[in-house]
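Residue numbers (my numbering): 161 to 439.
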């Protein structure tokens with residue numbers, strides 16, 4: 161019997177908390193929260209099921225999502241590198257070691273990329289014309305701080321280093337190279353095909369789910385997670401029940417108990433309706 165055959169087709173116990181990725185999962189590719197997704201989240205509340213998010217976005221990037229949802233909850237940013245309360249105050253954070261952050265920047269520059277640095281409050285760049293700067297500005301609702309270079313004061317406060325590149329194959333090669341070079345000092349994973357995130361080695365969504373479950377007072381076995389990206393795999397693997405989006409890769413789908421529709425066809429809402437609300 162294969163491992164997949166041993167996976168439950170429905171949650172083995174009642175779900176008490178849903179933890180969702182944001183981009184490519186909760187919102188569609190146009191960053192829209194659909195009416196059906198809104199209705200599913202409202203139905204969770206009516207059923208007494210908690211709902212929160214974990215994302216590669218920095219803490220400030222949760223402000224717009226909280227506004228869309230009309231709620232303020234404990235949530236996880238930076239792939240679990242920062243857990244924040246409903247007012248975006250940092251509850252827990254995992255900073256990159258300064259020498260690791262500096263090494264990541266050097267490695268990315270060696271590959272011809274211009275890295276970004278994220279602290280708990282700002283993001284810093286050197287080239288405002290670089291790949292995806294306007295996209296990130298819209299996504300997180302914050303303008304970058306343009307600097308000539310990154311100084312020692314910044315390297316001591318880094319939650320995340322990003323390498324952004326629209327050559328997806330090139331970035332995939334960078335991902336493998338960075339993880340190999342940085343070893344146990346960091347995690348190098350792509351949150352999008354065009355974003356390579358370098359974070360603290362324990363800043364991953366598996367740790368985020370554990371922190372969020374504790375904050376909501378539920379066991380991890382009663383948590384449903386849903387996501388689409390490689391950085392979502394740790395949370396798909398640890399939850400009591402997990403759902404991969406239809407737009408996820410084969411590796412993401414293999415890590416989950418179930419697969420739903422894609423983000424442009426209400427995959428999030430369909431998963432909530434089937435596996436939690438059981439409509």
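Here a beta-carbon is modelled for each residue, glycine too, at the ideal position from N, C-alpha and C. Given the structure is predicted, the values throughout are model-derived calculations rather than measurements.
Using a Cβ-Cβ distance cut-off of 8 Å, determine whether residue i contacts chain B.
{"i": "residue 406", "result": "Absent here is chain B; the protein component of the structure consists of one chain."}
With H, G and I counted as helix, E and B as strand and the rest as coil, what does DSSP make of residue i?
{"i": "residue 173", "result": "coil"}
{"i": "residue 320", "result": "strand"}
{"i": "residue 267", "result": "helix"}
{"i": "residue 437", "result": "coil"}
{"i": "residue 212", "result": "strand"}
{"i": "residue 473", "result": "A query on residue 473 cannot be resolved here, the shown segment of the chain reaching from 161 to 439 and no further."}
{"i": "residue 277", "result": "strand"}
{"i": "residue 385", "result": "strand"}
{"i": "residue 371", "result": "helix"}
{"i": "residue 194", "result": "coil"}
{"i": "residue 186", "result": "coil"}
Mind checking residue i: buried by the 16 CB within 10 Å criterion, or exposed?
{"i": "residue 350", "result": "buried"}
{"i": "residue 180", "result": "buried"}
{"i": "residue 316", "result": "exposed"}
{"i": "residue 326", "result": "exposed"}
{"i": "residue 173", "result": "exposed"}
{"i": "residue 253", "result": "buried"}
{"i": "residue 439", "result": "exposed"}
{"i": "residue 411", "result": "exposed"}
{"i": "residue 249", "result": "exposed"}
{"i": "residue 324", "result": "buried"}
{"i": "residue 206", "result": "exposed"}
Of the residues the options, which one's Cα is nearest the Cα of residue i?
{"i": "residue 211", "options": "184, 238 and 246", "result": "246"}
{"i": "residue 347", "options": "241, 232, 283 and 424", "result": "241"}
{"i": "residue 170", "options": "338, 189 and 383", "result": "383"}
{"i": "residue 203", "options": "176, 191, 218 and 185", "result": "176"}
{"i": "residue 269", "options": "428, 368, 331 and 199", "result": "331"}
{"i": "residue 364", "options": "234, 320 and 167", "result": "320"}
{"i": "residue 402", "options": "435, 184, 238 and 372", "result": "435"}
{"i": "residue 336", "options": "312, 357 and 188", "result": "357"}
{"i": "residue 368", "options": "214, 228 and 327", "result": "214"}
{"i": "residue 318", "options": "360, 405, 200 and 327", "result": "360"}
{"i": "residue 328", "options": "314, 354 and 306", "result": "354"}
{"i": "residue 288", "options": "276, 272 and 232", "result": "276"}
{"i": "residue 342", "options": "266, 284 and 352", "result": "266"}
{"i": "residue 216", "options": "390, 413 and 422", "result": "390"}
{"i": "residue 198", "options": "191, 228, 190 and 182", "result": "228"}
{"i": "residue 255", "options": "314, 413, 385 and 407", "result": "314"}
Quick one: measure Cβ to Cβ for residue i and residue j, integer angstroms, because I've assumed they're closer than 8 Å.
{"i": "residue 168", "j": "residue 417", "result": "6 Å"}
{"i": "residue 404", "j": "residue 419", "result": "5 Å"}
{"i": "residue 432", "j": "residue 415", "result": "No, residue 432 and residue 415 are not in contact; Cβ-Cβ is about 19 Å, not under 8 Å."}
{"i": "residue 375", "j": "residue 234", "result": "4 Å"}
{"i": "residue 278", "j": "residue 238", "result": "7 Å"}
Discussion item. Whether or not the stretch 289-297 and the stretch 257-267 are in contact is what I'm after, with contact meaning three or more pairs of Cβ atoms, one per stretch, closer than 8 Å; do they touch?
Written reply: no
Discussion item. Check whether the stretch 299-313 and the stretch 210-229 touch, using three or more Cβ-Cβ pairs below 8 Å as the test.
Written reply: At 8 Å Cβ cutoff, the stretches touch.
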